[in-house]
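Engineer: One structure is given below, represented as structure tokens, and several questions about it will come after.
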Amino acid sequence: MAGKSRANNKGAEAQVPTGDVRTVTGMGGETHQLASGDLPTLTSDQGVAIADNQNQLKAGPRGPVLLEDFHYREKIFRFDHERIPERVVHARGYGAHGTFELSESLSEYTTARVLTEVGEKVPMFVRFSTVLGNKGSRDLARDVRGFAVKFYTQEGNWDIVANNIPVFFIQDAIKFPDLIHAGKPAPDREWPQAQTAHDNFWDYISLTPESMHMIMWTMSDRTLPRSFRFMEGFGVHSFRLIDAEGRSTFVKFHFKPKLGLQSVLWNEAVKISGNDPDFHRRDLWDSIENGAFPQWDLGVQLFDEEQAASFDFDHLDSTKIVPEEIVPVRKIGTFTLDRLVDNFFHETEQVAFCTQNIVPGIAFSDDPLLHGRNFSYLDTQLKRLGSPNFTHIPINAPRVPVNNYHQDGHMNMRNPKGRVNYEPNSWGQGPRENPETGYKHYPAHVEGQKLKVRSDTFSDHYSQARLFYISQTPIEQKHIGDALTFELSKCERLDIRQRMVAHLRNIDEGLANTVAIGLRLPAMPEPAPAAQPTRTDLPASDALSIVKRKNASFEGRKIGILVADGTDAKLVTGLTAAIEAEKALFEIIAPHVGGAILNDGTLLEARQKIDGGPSVLYDAVAVLLSAEGATKLARDAAAQDFVRDAFGHLKFIAYTEASKPLFAKGGILEADFDGGFVELAKAKDAKAFVTACRDVRYWAREMEVDLDAD
Ligand code: HDE
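All the letters of the sequence shown, read from the start, carry residue numbers 1 to 710 under the UniProt record's numbering.
If you want it as structure tokens, here you go:
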């Protein structure tokens, strides 16, 4: 072999498409792809054409490599610097472009054009995220979801950096680093990743009573969304709208998904995480690519100072909601996500949201968490993107002219033109202030001593936690109890478990009892000392429950159809037609991805092989096996899991009589076929199945499949 060299490029060779790329074989046997047709010539960053992208420059075929190879050095230098610091929180995110259209003008309350011009289309970008996990963690961690929105308005960029939960853990921004440190992996061991089920988190929480309302939300199914498309968004803080006369009205922003709300179960989330860590991003990508554009209504809660003073809580406290029953949410417009990113890094990774990005006609309230955020978001972009010029990156650049005298800095793209870079100047050049159209701060009257204190009006930590809990259906309450029991069971220290149960006693004795029994605490702890007694007379708010807000349709959900050789072709056609009529989706799962030969001899291609398409990836399943297929699949562990999990996760299940041997092997016997099962004897039975699926889950089954239900 002396004197010969071979590039290890077999993979590249195998993938070379024919037609628009010509390939030649080099002296070492390596493949070079030559530009032809529409394909451009490969160049260096300096624009110099590259002849060989497979071999370093060497002294002789086996000789030492030469530093002179500037192409090699540039390529590796660029590669070495590809990573930028990931976000300290919300590192794992996924974004898409869209458009907002206003349907009801708020001109009575604000001058902000984005909220007054009905029918005007405003481009926007949305980034969804988990909070605690790193960039490479999984989508279905139990976690709060970020829902950050950037509107490119004609008056500049407006960001609502929202979450899928309307309250937050803490009342003052100075606590944020401690909260996040406690939630993230412990500094010595660097685990656990992307979860709160550990001592540090619950230690901090149990010492922070103001977090109790948020804890009720995070332990509910809200932190296990089925997909981004089925999540609400909340701006959390009160903001102000300012009208032409300078009058202020408080506002809270809401995003309501057109497809309704939906979550997965905990056991399902755990299994989805293993099967498809990208479950949410894939879902968003697929929906937009298939033209099923997700939509949200933009809603506002509007109230004035006087009304705010009448609330029995302080709306400046981010651990409180303004119940929709007190101030209804007015839907004023809709946004649609209809365009995928061209490049994840360019857009989703480099997008920089800042709570301080507001436009004339919108102002801040005095919420101390909001003001803390206003500093943090700008500061963090400098660290992450490396330069104050991050607004020059296209995803962050406003779609209106930017004129100012800011200059220089790393990666500048936009220094002022001409001689003048200051103001005032007498050169008759450069931009000037505009007192008419320029942003005016709301002249709120402020007086007081400088103090590091918290207002007494922020001191009721339990009433709204209780409000959330009592507003849930029994099944949702059970999930909160299960989640608390699970998370606290991961705490090694008994005193932390006890301290949490002591707080729960101030929220709901029944819940405290369930968790104490679930943890088998040696004794019930005394209730935690509370600055204010919990209000037990607050009426339940149906808007806080997912299950009470039932969907009218199964649109946008996905049914997994398990087939094998011999499956009845007419059943498949009938079912897929009924699914399409509902605007739902389906995937065919079979023992071989190449497909199954149906009873009429046709080959039905599969999207998934059985062990790549477990039932946790679907909202409902259909098991359409022939006797031959059922006998074969009954021996397969993945197929057994498919039916066992669909049953355990309370899914609606369509089946053929012949499939029963597989169910039996999955532990589902004749007596278990409950109201969530629909037999497909004939193609026309499919409609009844799809209609049943609108309930999303057969909740009654939970009592049969869960020990904690006893
Ligand atoms: Fe954030 N948060 N946050 N946060 N937050 C960040 O900014 C911060 C809070 C939220 O997709 C960081 O650009 C402080 C509430 C979202 O790019 C950072 C406090 C809400 C995103 C930061 C809060 C949020 C972030 C990290 C307490 C819901 C992702 C990267 C006062 C209303 C945005 C970045 C994206 C990101 C700070 C609390 C939502 C460090 C100090 C409350 C959706 O600046």
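C-beta atoms are modelled at their ideal positions from N, C-alpha and C, and glycine is treated no differently.
Note that the coordinates shown come from a computational prediction; the quantities given were computed from them, not determined experimentally.
Less than 7 angstroms separating the Cβ of N415 from some heavy atom of the ligand HDE?
Structural biologist: The residue you call residue 415 lines up with position 415 of the sequence shown. N415 Cβ: outside cutoff for every heavy atom of the ligand HDE.
Engineer: If you run the structure through DSSP and keep just helix, strand and coil, what is F311?
Structural biologist: Taking the sequence shown and counting its residues from 1, the one referred to as residue 311 is at position 311. Taken through DSSP and simplified to helix, strand or coil, F311 comes out as coil.
Engineer: Kindly indicate which three-state DSSP category Q262 falls into: helix, strand or coil?
Structural biologist: Locating residue 262 in the sequence shown gives position 262, where the first residue counts as 1. The answer is coil: DSSP assigns Q262 none of H, G, I, E or B.
Engineer: Is the stretch 378 to 389 in contact with the stretch 256 to 274, if contact means three or more CB pairs nearer than 8 angstroms?
Structural biologist: no
Engineer: With H, G and I counted as helix, E and B as strand and the rest as coil, what does DSSP make of G560?
Structural biologist: As a first step, residue 560 is located in the sequence shown; it is residue number 560 there, counting from the start. Reduced to three states, the DSSP call for G560 is strand.
Engineer: Go through its chain and collect everything with a Cβ distance to E670's Cβ below 6 angstroms, but skip five positions before and after it.
Structural biologist: The residue you call residue 670 lines up with position 670 of the sequence shown. Nothing meets the Cβ criterion.
Engineer: Does the stretch 572 to 591 touch the stretch 683 to 694, meaning 3 or more C-beta pairs lie closer than 8 angstroms?
Structural biologist: Taking 8 angstroms as the limit for Cβ pairs, the verdict is that the stretch 572 to 591 does touch the stretch 683 to 694.
Engineer: Do V400 and Q56 have their beta-carbon atoms positioned less than 8 angstroms apart in this structure?
Structural biologist: Counted from its first residue, the sequence shown places residue 56 at position 56. Counted from its first residue, the sequence shown places residue 400 at position 400. Against a cut-off of 8 angstroms, the Cβ pair of V400 and Q56 comes out as no contact.
Engineer: Does the distance from the C-beta atom of Q464 to that of I326 stay below 8 angstroms?
Structural biologist: Position 464 of the sequence shown holds residue 464. Position 326 of the sequence shown holds residue 326. Contact flag unset, no.
Engineer: Grouping DSSP H, G and I as helix and E and B as strand, with all else coil, what is T691?
Structural biologist: Taking the sequence shown and counting its residues from 1, the one referred to as residue 691 is at position 691. Three-state result, T691: helix.
Engineer: Using the Cα positions of G560 and A658, report the straight-line distance between them to the nearest angstrom.
Structural biologist: The sequence position of residue 560 within the sequence shown is 560, counting from 1. The sequence position of residue 658 within the sequence shown is 658, counting from 1. Roughly 18 angstroms separates the two Cα atoms.
Engineer: Mapping DSSP to helix, strand and coil, what is G648?
Structural biologist: Reading the sequence shown from its first residue, position 648 is the one you call residue 648. G648: helix per DSSP, three-state reduction.
Engineer: How many angstroms separate the CA atom of T473 from the CA atom of S541?
Structural biologist: The sequence position of residue 473 within the sequence shown is 473, counting from 1. The sequence position of residue 541 within the sequence shown is 541, counting from 1. For T473 and S541, the distance between alpha carbons rounds to 11 angstroms.
Engineer: From which residue to which residue does the alpha helix (DSSP H) around residue 713 run?
Structural biologist: The structure shown does not extend to residue 713, since the chain spans only 1 to 710, so no value can be given for it.
Engineer: For C354, decide whether its Cβ has a neighbour in chain B, counting only Cβ atoms nearer than 8 angstroms.
Structural biologist: Chain labels in this structure do not include chain B; a single protein chain is all it has.
Engineer: Just verifying my parser: in three-state terms, what is the DSSP assignment at A14?
Structural biologist: In the sequence shown, the residue the question calls residue 14 occupies position 14. Residue placement at A14 cannot be trusted, given a pLDDT of 39 that sits under 50; what the coordinates show is reported in the next sentence. A14 falls in the helix class under three-state DSSP.
Engineer: Tell me, to the nearest whole angstrom, how far the beta carbon of F642 is from that of L562; I am working on the premise that it is less than 8 angstroms.
Structural biologist: Working through the sequence shown from its first residue, we reach residue 642 at position 642. Working through the sequence shown from its first residue, we reach residue 562 at position 562. Right, their Cβ atoms sit about 6 angstroms apart.
Engineer: With burial defined as no fewer than 16 other Cβ atoms inside 10 Å of the residue's Cβ, what is the status of G235: buried or exposed?
Structural biologist: Translated into positions along the sequence shown, residue 235 becomes position 235. Answer is buried; the Cβ neighbour count reaches 16.
Engineer: Could you give the DSSP three-state label for W285: helix, strand or coil?
Structural biologist: Along the sequence shown, read from residue 1 onward, the residue named residue 285 stands at position 285. The answer is helix: DSSP assigns W285 an H, G or I state.
Engineer: Can you check which of these residues, G556, K682 and T656, is closest to V696 by C-alpha distance?
Structural biologist: Working through the sequence shown from its first residue, we reach residue 696 at position 696. Of G556, K682 and T656, the residue nearest in Cα terms is G556.
Engineer: Closer than 7 angstroms to a non-hydrogen atom of the ligand HDE - does that hold for the CB of residue 718?
Structural biologist: Since the displayed the chain opens at 1 and closes at 710, residue 718 lies outside it and no answer follows.
Engineer: Does the beta-carbon of L585 have 16 or more other beta-carbons within 10 angstroms, so that it is buried, or is it exposed?
Structural biologist: For this step, residue 585 is matched to residue 585 along the sequence shown. The residue in question, L585, is buried, as its Cβ has 16 or more Cβ neighbours within 10 Å.
Engineer: Sort G333, G676, G299 and A483 by Cα distance to S103 and report the nearest one.
Structural biologist: As a position in the sequence shown, residue 103 is number 103, starting the count at 1. For the residues G333, G676, G299 and A483, the minimum Cα distance to S103 belongs to G333.
Engineer: With distances taken from CA atoms, which of E447, A502 and Y618 is nearest W202?
Structural biologist: By 1-based counting over the sequence shown, the position of residue 202 is 202. For W202, the nearest C-alpha among the options comes from A502.
Engineer: What are the residues that DSSP puts in a beta bridge with W699?
Structural biologist: Here residue 699 refers to the residue found at position 699 when the sequence shown is read from its first residue. W699 pairs with nothing; no bridge assigned.
Engineer: For F677, which residues from the same chain have a beta carbon less than 7 angstroms from its beta carbon, with the 5 sequence-adjacent residues on both sides left out?
Structural biologist: Working through the sequence shown from its first residue, we reach residue 677 at position 677. Closer than 7 angstroms at Cβ, skipping near neighbours: I653 and Y655.
Engineer: Does the stretch 367 to 377 come close enough to the stretch 342 to 356 that 3 or more CB-CB pairs lie under 8 angstroms?
Structural biologist: For the pair of segments examined, the stretch 342 to 356 was found to touch the stretch 367 to 377: the number of CB pairs separated by less than 8 angstroms reaches three.
Engineer: Strictly by DSSP, which residues pair up with T99?
Structural biologist: Here residue 99 is taken as the residue at index 99 of the sequence shown, counted from 1. Note: T99 sits in a beta bridge opposite P123 and T336.
Engineer: For A162, I'd like the list of residues in its chain whose CB is within less than 6 angstroms of its CB, leaving aside the five on either flank, ordered along the chain.
Structural biologist: Position 162 of the sequence shown, counting from 1, holds the residue named residue 162. Same-chain partners within the cutoff: F147, G233, F234 and G235.
Engineer: Measure the Cβ-Cβ separation of L650 and E702 and say whether it is below 8 angstroms.
Structural biologist: Looking up residue 650 in the sequence shown gives position 650. Looking up residue 702 in the sequence shown gives position 702. Yes, they are a contact pair.
Engineer: Please return the same chain residues whose Cβ sits closer than 7 angstroms to the Cβ of Q307, not counting the five positions on each side in sequence.
Structural biologist: Position 307 of the sequence shown holds residue 307. Excluding positions up to five away in sequence, the list is empty.
Engineer: Terminal residues of the continuous beta strand (DSSP E) containing I242?
Structural biologist: Here the question's residue 242 lines up with position 242 in the sequence shown. It spans F239 to I242 - the beta strand (DSSP E) in which I242 sits, taken as one unbroken run.
Engineer: What are the start and end residues of the alpha helix (DSSP H) that includes A182?
Structural biologist: Translated into the one-based positions of the sequence shown, residue 182 becomes position 182. A182 -> alpha helix (DSSP H) spans F176 to G183.
Engineer: Consult DSSP for W217 and reduce its assignment to one of helix, strand or coil.
Structural biologist: As a working mapping, residue 217 is identified with position 217 in the sequence shown. DSSP places W217 in helix when its eight states are reduced to three.
Engineer: For V122, is the beta carbon positioned less than 7 angstroms from some heavy atom of the ligand HDE?
Structural biologist: Within the sequence shown, numbered from 1, the residue matching residue 122 stands at position 122. Outside the cutoff, so no.
Engineer: At a threshold of 7 angstroms, does Q171 count as lining the ligand HDE (C-beta to nearest heavy atom)?
Structural biologist: Indexing the sequence shown from 1 puts residue 171 at position 171. Because no heavy atom of the ligand HDE lies under 7 angstroms away, the Cβ of Q171 does not count as near it: no.
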